[in-house]
Each structure stands twice: as C-alpha cells, then as structure tokens.
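Novice: Questions regarding the structure given below will be posed in turn.
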Amino acid sequence: TDPEDGQMCTFLELKQKYTGTYSAEEIQGYWDFECKPAAATSSGQADPAAASAPAPAPAPRGKPPKAGKALDVNETERWQLGEAEALVAAVAARRVGLYADKARVPPELKDVLLVTAANTGYMPFYDNWRCHAERLGLDWAVVANDDATYDALGPGRALPVIGKRVTSMVGWGNTKLDYVGRNKLYMLILIMRVTGVSVLFTDADNMFLRDPFVPGVSLGDLLRAQKYDLVYQMEFGSRPKATYKKTHQGNLGNTGFFYVSPKKSSNNIQDLFTAGMDAVDRALAEKGHGADQNIFWAVFSDMMASRGLKSGPWGFKCVHLCGKNPSCTASEQDTIEYCGMDPYVHPTGWDDASPAEAVTYHANYAANELKIGKLRKMRLWGAWDEKA
C-alpha cells in the first residue's frame, strides 16, 4: 500500500506514478522502506532474502490470489499480472549474480540473471542441466511452462509463466514449441521491465561442461566487457570454417542461448524483443505456427536494413556487430551493440564437437530424446540419477 494515497499497487505502478517527480533511487527507497510490509520467518525474525525483494501485490478484496500457478495472460485479470510481476521480482532478487555464493560474484556480473526453462515433459533435461549448474556453483531461475513444474521447483526459483501452458516434450516444428518460445520472449521482457537486470537465457538442452562466465571463455569475456546489449549463440549445423567471421553477417543466431541487457538502452531493447514477440503472435494468429528464432531474426534483419532511414517497432536505429562497421550513424542509445559467441567454444549440436574444446554444448539439430545421444557423447548426460 502506498502511504501517500492509501492505494494498493505493484512496484511497476509505483514507478509509473512517481517517475518524473522522484528519482529512480528515491522511488526504490520509498518502496523498500515505506510501502512494503516487513517479511518474517516462522521464527519471528526478519528474513533478509525476503526483505530485499518486492512483496507480492495484494489481490482485490473478495478474490483470493492464485499464487503458485502459471498465469495465462488471456485469462488473467490485472491484479494477477501484478502478483506475477512481484513474484518475478522476488526470484530475480534472490538469484541474480550467476553464482550461488554471492561473495564470488565479480562486480561486472552482479546484475546478470541466469534463466532457463522447463516443463513436466522436459524435466529429465532440466535435472541434468541443474546437476552441471550446481557442480559449477551457479545460481539461476526457471521459467515454469506448466503448473506442475512451478509447484515442483517452488516460488524461490520458478518464474510463473504468463502465457500458454505447455506440459509435454515437443520438438521443432510443433506449434506447442512455438508457444514455449513466445512465453520465453514475454518473460524476458517482463524481467527486464520489472527488475532492470540483464538476462542470460539458456535452453535446458544447452549444458555446461565448464564455467562459461570466467575470464578467457568467449561468453565470459563478452559479458565482462559490459558493452553489449545482445550476445548471441551463432547458429551452425556443422563445424564452421575458420573464415566464418568474414562471412557471418550477424543476422541469425540461436534464441535458445543468449544474453540481453537493458542497462544502456532499456526502452529500445525492450521494443526490439517486443517487436519480435508481436511478430510471433501475428504468425500464430494468421498461420497457426510461428517459431521465435526465425521470426526474431527477421525483425532484426529489418532493423539492420533500415539503416536509420525508416522507423520501425524495433526501437534502435542502427546496429553495430563486433568487428564490423555500424550499419549507420546514430547516438549510443539508438545503436545496438551486439556480438556472437565463439562457435567452437559454444557449439550448436555439431556431431564432431569435442568436450576438450567446448565449454557449453547445445544439443540441437535433434528432437526430444534424440538429443540425449548427443549429450551423452559430450559426457553431459547421466549426471542426474532418478533412483538416487
């Protein structure tokens, strides 16, 4: 409740109410110390973790909140969306920083949230992914694409999906997978909008052999540079030639492993991903299918081709791929800085990838259980023992 007017509100609504009157720091302090009730544990002592995150927004009188359930935005009233925002903010506050030991987090990675996704059918992949993440001391949040997964993982780690629930394991070309991709885009936009943190998203079939965030590893170096709005996994069906840097145009990547940051151009990066999501929605409505990867990069290509001469829904005017010249001249805020990960260190499903060379391995170019053979070859399957 806002003491100023006695009205119940989410943190986002509070920001909208006072932006322009107070600074972001003042609004955050007002929320933390004036609006939010103190959280307490069963022992009666304040819970520091709970106190550091926004409290769930109260539901209107007479309607109990549906906490612990995935929310469908088409069936959800405004107060339920406000509750989901608060749950997202709470999980992000607890898990941000990539590492479980927060004292281990370097300053340049303290505002990066590692996010993966899971549902009931995909849980064996998530369990194996989780084992490798725990072995490396990582911390993460999970987009739960169905209610059972949210309940199994709990509100301390799971993010309540706002979108269509999908329970089964589905492969490329299945419309249900298109909805999973759409859910991902929506949730990443929501995380950036509500929390302001950067997001490193990974599919659960993209597993980590070694720590990908340390210096000397392609992804780790790109994140620590703190200059990129987008870092993406290059998409190759087989091992690329050494000349790939000359031929790669920066207009296609894998949307199952990427980093996105709102730190420099929050509105523009959200507009870009919203444009991608809206294009997915149109495809689903008009054609009955719409894979987020091809559609997002088609929107990106349109932005690139515009060269700042034609306005579009994508926010930015110019693009600047690392190692290339910018597509046009614009302000720093209106130019997206982006870079691809080293494909040899972060390969996409090649049959001749090597555990000695790769730091991460994305088992694509295979559907469902066929991915297991690729992961087993890379010594990434079998970490989770169901009986144990």
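Everything in the sequence shown is counted per UniProt numbering, starting at 1 for the first residue and increasing by one.
Even glycine gets a Cβ: it sits at the ideal position worked out from N, Cα and C.
Tell me the DSSP bridge mates of residue 106?
Specialist: The residue labelled residue 106 in the question sits at position 106 within the sequence shown. Paired residue(s): none; residue 106 is not in a bridge.
Novice: In angstroms with no decimal places, state the Cα-to-Cα distance between residue 143 and residue 160.
Specialist: Residue mapping note: residue 143 aligns to position 143 of the sequence shown, counting from 1. Residue mapping note: residue 160 aligns to position 160 of the sequence shown, counting from 1. The alpha-carbon atoms of residue 143 and residue 160 are separated by roughly 7 Å.
Novice: How would you label residue 182, buried or exposed, when you count the other beta carbons within 10 angstroms and need 16 or more for buried?
Specialist: Locating residue 182 in the sequence shown gives position 182, where the first residue counts as 1. That one is buried.
Novice: If you run the structure through DSSP and keep just helix, strand and coil, what is residue 370?
Specialist: Position 370 of the sequence shown, counted from the start, is the residue given in the question as residue 370. If DSSP states are grouped into helix, strand and coil, residue 370 belongs with the helices.
Novice: Compute the Euclidean distance between the alpha carbons of residue 199 and residue 7, then round it to the nearest angstrom.
Specialist: Working through the sequence shown from its first residue, we reach residue 199 at position 199. Working through the sequence shown from its first residue, we reach residue 7 at position 7. Cα to Cα, the separation comes out at about 32 Å.
Novice: Under a three-way DSSP split, which group does residue 365 fall into?
Specialist: Stepping through the sequence shown from its first residue, residue 365 is reached at position 365. Residue state, collapsed to three classes: coil.
Novice: Going along the chain, which residues of its own chain have a beta-carbon closer than 8 Å to the beta-carbon of residue 19, five neighbours each way excluded?
Specialist: The count along the sequence shown starts at 1 and reaches residue 19 at position 19. Closer than 8 Å at Cβ, skipping near neighbours: 27.
Novice: Assign residue 200 to one of three DSSP states: helix, strand, or coil.
Specialist: Counting from 1 along the sequence shown, the entry for residue 200 is found at position 200. Three-state DSSP puts residue 200 in a strand.
Novice: Using CA atoms only, rank isn't needed, just tell me which of 225, 234, 99 is closest to residue 361.
Specialist: Locating residue 361 in the sequence shown gives position 361, where the first residue counts as 1. The shortest C-alpha separation from residue 361 is found at 234.
Novice: Give the C-beta separation of residue 207 and residue 380 to the nearest angstrom, bearing in mind that I take them to be a contact with Cβ-Cβ under 8 Å.
Specialist: Locating residue 207 in the sequence shown gives position 207, counting from the first residue. Locating residue 380 in the sequence shown gives position 380, counting from the first residue. The pair is a contact, with the Cβ atoms about 4 Å apart (cut-off 8 Å).
Novice: Is it the case that the Cβ atoms of residue 260 and residue 190 are separated by a distance below 9 Å?
Specialist: The residue you call residue 260 lines up with position 260 of the sequence shown. The residue you call residue 190 lines up with position 190 of the sequence shown. No, the Cβ-Cβ distance between residue 260 and residue 190 is not below 9 Å.
Novice: Since residue 359 contacts residue 210 with CB under 8 Å, what's their CB separation in whole angstroms?
Specialist: As a position in the sequence shown, residue 359 is number 359, starting the count at 1. As a position in the sequence shown, residue 210 is number 210, starting the count at 1. Yes, they are in contact, since the Cβ atoms of residue 359 and residue 210 sit about 5 Å apart, within 8 Å.
Novice: Assuming residue 144 is part of the beta strand (DSSP E), what are its boundary residues?
Specialist: The sequence position of residue 144 within the sequence shown is 144, counting from 1. Run containing residue 144: 141-144, per the beta strand (DSSP E) assignment.
Novice: Measuring straight from C-alpha to C-alpha, what distance separates residue 386 and residue 13?
Specialist: Taking the sequence shown and counting its residues from 1, the one referred to as residue 386 is at position 386. Taking the sequence shown and counting its residues from 1, the one referred to as residue 13 is at position 13. Straight-line Cα distance between these residues: approximately 44 Å.
Novice: For the beta strand (DSSP E) that contains residue 206, what are its first and last residues?
Specialist: Walking along the sequence shown from the start, residue 206 turns up at place 206. Taken as a continuous stretch (DSSP letters only), the beta strand (DSSP E) holding residue 206 covers 206-208.
Novice: Using DSSP's beta-bridge definition, name the partner residues of residue 99.
Specialist: The sequence position of residue 99 within the sequence shown is 99, counting from 1. Looking at the DSSP assignment, residue 99 forms a beta bridge with 138.
Novice: Exposed or buried, which one is residue 348 when buried takes at least 16 other CB atoms within 10 Å?
Specialist: Taking the sequence shown and counting its residues from 1, the one referred to as residue 348 is at position 348. Residue 348 comes out buried.
Novice: Identify which residue in 213, 185, 254 has its Cα closest to the Cα of residue 279.
Specialist: Indexing the sequence shown from 1 puts residue 279 at position 279. Of the listed residues, the one whose Cα sits closest to residue 279 is 185.
Novice: On the three-state DSSP scale, how would you describe residue 270?
Specialist: Working through the sequence shown from its first residue, we reach residue 270 at position 270. In this structure, residue 270 counts as helix in the three-state DSSP scheme.
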